[in-house]
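Have a look at the structure below before the remarks.
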Amino acid sequence: MTANELRTKYLEFFKSKDHAIIPSASLIPENDPTVLFTTAGMHPLAPYLMGEKHPLGQRLANCQKCIRTSDINEVGNNRHLTFFEMLGNWSLGEYFKKEAIEWSWEFLTSKEWLAMDPHRLYVTVFMGNENSGQDTESIEVWKKVFASVEIEAEVCPYNTKIAGNKNYRIFPMPAKDNWWGPAGETGPCGPCTEMYYDTEPRLGALQKTFDEEINDFRVMEFWNDVFMEFNKIADGKYEKLAAKNVDTGMGLERAISVLNGKKDAFDNELFWPLFEKIEELSGKKYDSHNSPHPPLNLRGGENINPPQPSFTKEGEDTVRAMRIIADHIKAATFILADEKGLTPSNVGAGYVLRRLIRRAVRYGKQLGIDEIFTFKIAEEVIKIYQDTYAELKKNKEFIVNQLVKEEEKFDETLEKGLKELEKMKPEKIAPFSSKSFMTGYGLSGDDLFNLYSTYGFPIEMSLEEIKKLYQEYNQKQVVNTVELSKDDEDRILQQFHEALKKHQELSRTASAGMFKGGLADASEATVRYHTAAHLMLAALRQVLGENVVQKGSNITPERLRFDFSHSEKMTPEQIKQVEDIVNEQIKKDLPVSFEEMTLEEAKAKGAMGVFESKYGERVKVYSVGSKNGGMSSVEICGGPHVERTGVLGKFKITKEESSSAGVRRIKAVLE
Ligand code: SER
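When the sequence shown is numbered by my numbering, its final residue is 1028 and no position is left out of the sequence of numbers.
The following block contains the structure:
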């Protein structure tokens, strides 16, 4: 079965059950501040799940393009994707558990539809917690449908070995697995029941706990029925929604793979042409026998699927790299194709886009591709999907241009950062003896922070580089030890973030938390705002007078908030003047530099500071521009700052208001 056939069949099936077919919504959510991207089919429907009336009725179905970056580090194994298509059907306060489960079953197993083998199907249900009890209603429906094919489905107690009991079909799971949503901090959510397919029936009956069978990649989840009858509200509480809703999501890539007897979401026509292109560009071979095996480097535990005889470590790295490139560039292509015209940037969704492209480029280099190449992959993506998603063809030129531009930019950063990391290597590596990566390799989060603050080298890439070095040394048997453990990685990250915090006032915001590694990602953006704050203070003093001093500031990846002493409301003219001065300084691409000196010296130099704050004896003084350059911002500050003002973009004041008596507050953004 092809992806096109499955899409068509799914929609036909639900049409036959009186569902209206709706188009895929934009990948970039409309009026929804809780997420950066559409992460599931239910997203654009959230208002209707909350009770609004949908113009097409109470039964809907569609195929929605989705971006999910929460599992970005897992991409490369056989099932995680950042871009995927989700087939979904919804009941807006109409049918509920019984119909949803019965129809899922009918579509999957009936000869007329997918004709999957019911003996290979397993399901999970919600086991209950303080918010909601065990989902006995779903359990009863599942028992009934299994009974219709003479399987006497039993409930397997949580965390219990299946030990070959073929009747264990229903697995209650805790909220972390079987409570879906909300996608952001608040919104519709509820218990869910997930469907799994046995990808390796030749290995006989399942033996381990269900969790272990999932983690060993033996069973693959491919469809999720969510029973959305709750709303999570701001203070972490749950309230019942007015209506009981159904939200289901079937992962198209996983579903066609299991339907075709494959055990890997990449083994289908939505990926093959991409791998062929990458093979051509790199001269390396994509051999799925080298698919990363969980125990080697993705998951713990013993291996139920021993590597094929042809398996090599290098082959595994190649497969992983090719999957990451294919997945990330596919995601980037779809984001760029969106009519919203999003481009790579240092904030929000633009930053995620940047990160996807740059990560793909990194892996391209690992494969030995040393030309600008991502646009060539994008062209293949467009060919695969253009008949289903017209926006790809329509925006082809824009997609290609943006990819080329971003790749060129990144090449510059990368070159500098990698050189530095190389330099760090020999001296740090000497005491290589311990089992622990951190003590063995000797690199600390502080080193990586320096690399980051000086060269803009992203922390996640530093970690990846270090992992590679570590493997190299392992292979050369310099040490005989394990790979970088999760604990070590966490410790490095923690040190990195501590160093980051020491150097700047960084507040974790909702948006920073929205994607994994949020702090590190967000920090690139906050550094820019930090420098903008210096320029703005100098401009404010120029326009409003020397009475202006800083009273406070708060920076998030999306904006700058700045309090300063001044007693009157600023006029629109004054606001414009401040913006113009700052933008002028940005345009001049002035260098930003610092010197260390005593507090006395700093004051004598006329450096600004928040003088209610306590400073140490020696301080850092940041200056923008040269002494004779006209505009001067000289501030006592811990940094970090950008190297040159040119990278700040366009500065814009979005709000000016009173903060407290004699103190005004400005909100500003960099566009
Ligand atoms: N919202 C659920 C999911 O994303 C079902 O569509 O899995």
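Yeah, the Cβ is synthetic: ideal placement off N, Cα and C, and Gly gets one too.
- Unbroken alpha helix (DSSP H) stretches of 4 residues or longer found wholly inside the segment 903-944: 929-944, given in chain order.
- Runs of the alpha helix (DSSP H) lying entirely within the segment 696-731, each at least 4 residues long, are 705-723 in chain order.
- In this structure M443 does not touch A403 by the C-beta definition: roughly 15 angstroms separates them, more than the 8 angstroms allowed.
- The ligand SER has a heavy atom closer than 7 angstroms to the beta-carbon of T605.
- By the neighbour-count definition (other C-beta atoms within 10 Å, threshold 16), A599 is an exposed residue.
- Taking a contact to require three or more Cβ pairs closer than 8 angstroms, the segment 709-716 and the segment 910-929 do not qualify as touching.
- The beta-carbon separation of V978 and E992, rounded to 7 angstroms, stays under the 8 angstroms limit for a contact.
- For Q421, the pairing in a beta bridge is given by DSSP as M443.
- Taking a C-beta distance under 8 angstroms as the contact criterion, T675 and K641 qualify as a contact pair.
- For W470, there is no enclosing beta strand (DSSP E), as DSSP marks it with neither H nor E.
- The residues I519, G521, N522, K523, in chain order, have a CB closer than 8 angstroms to that of A562 in the same chain once the five nearest residues on each side in sequence are set aside.
- Cβ atoms of K933 and E1013 stay farther apart than 8 angstroms, at about 11 angstroms.
- If you check the CB distance, E551 and V480 come in under 8 angstroms.
- Taking 8 angstroms as the cut-off, the Cβ atoms of V935 and L897 count as close.
- The segment 444-460 makes contact with the segment 594-610, as at least three CB pairs between them are under 8 angstroms.
- Taking the CA atoms as reference points, F453 sits about 19 angstroms from H400.
- If you compare the alpha carbons of E822, D768, R425 with that of F394, the shortest gap goes to R425.
- Cβ contact annotation for H376 (same chain, cutoff 7 angstroms, sequence separation greater than five): R416, L417, A418, N446, in chain order.
- A717 is not a Cβ neighbour of I692, given a cutoff of 8 angstroms.
- G1003 carries a helical assignment under DSSP once its states are collapsed to helix, strand and coil.
- Distance from the Cα of T543 is smallest, within the candidate group F441, C549, P529, D592, for D592.
- The segment 950-957 and the segment 903-918 do not touch, with fewer than three beta-carbon pairs separated by less than 8 angstroms.
- Taking C-beta atoms as the reference points, I635 and M679 count as a pair closer than 8 angstroms.
- M399 has its Cβ nearer than 7 angstroms to a heavy atom of the ligand SER.
- Judged by pairs of C-beta atoms under 8 angstroms, the segment 471-480 does not touch the segment 740-750, as fewer than three such pairs exist.
- Distances between the C-beta of W537 and the heavy atoms of the ligand SER include at least one below 7 angstroms.
- In this structure H887 is in contact with I912, their Cβ atoms being roughly 6 angstroms apart against a cut-off of 8 angstroms.
- Straight through space, the alpha carbons of L778 and F623 are spaced by roughly 33 angstroms.
- Straight-line measurement puts the Cα of I496 at about 40 angstroms from the Cα of A689.
- Cβ-Cβ distances below 7 angstroms link Y405 to H411, L449 in the same chain, with the five nearest sequence neighbours on each side left out; the list follows chain order.
- Burial check for E817: the Cβ neighbour count within 10 Å reaches 16 or more, so the residue is buried.
- Straight through space, the alpha carbons of C423 and T439 are spaced by roughly 8 angstroms.
- Residues A377 of the same chain have their beta carbon placed closer than 7 angstroms to that of G414, with the five preceding and five following residues left out of the count.
- Taking C-beta separations shorter than 7 angstroms and ignoring five residues to either side along the sequence, the partners of K753 in its chain run I739, following chain order.
- DSSP places T481 inside the beta strand (DSSP E), whose first and last residues are 478-483.
- Residue pairing of G606 in beta bridges, as defined by DSSP: N581.
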